[in-house]
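*Asks:* I'd like to ask you about the structure that follows.
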Amino acid sequence: MDQTLIGYILMAVGVIGLVASLILASPGRTRRVSETRSVVDPNTGERIVRNESRDGTL
């Protein structure tokens, strides 16, 4: 094998790796979870609202 062929093979492998990493790193369909809790403090009678949002990523 000559050096030119080896260079083309390595460039092809690099392009395939780049495309694979872009596909795997893309967010795709993200799932968003939103939760709201509301309670009344028994000592003060004040209403406490807690909002929490998370995305579905690991």
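Throughout, our numbering is defined as the position within the sequence shown, counted from one, plus 18.
Virtual Cβ for every residue (Gly too), placed ideally from N, Cα, C.
Which residues in the same chain have their Cβ closer than 6 Å to the Cβ of GLU70, if we skip the five residues on either side of it in sequence?
*Replies:* Numbered from 1 along the sequence shown, position 52 holds the residue referred to as residue 70. Correct list, in chain order: GLU53.
*Asks:* Would you list the one or two residues that DSSP bridges to ARG55?
*Replies:* The sequence position of residue 55 within the sequence shown is 37, counting from 1. According to DSSP, ARG55 bridges with ARG68.
*Asks:* Would you list the one or two residues that DSSP bridges to ARG50?
*Replies:* Locating residue 50 in the sequence shown gives position 32, counting from the first residue. ASP73.
*Asks:* Just reading off the alpha helix (DSSP H) that GLY35 is part of, what are its end residues?
*Replies:* Residue numbering aside, residue 35 sits at position 17 when the sequence shown is read from its first letter. It spans 21–43 - the alpha helix (DSSP H) in which GLY35 sits, taken as one unbroken run.
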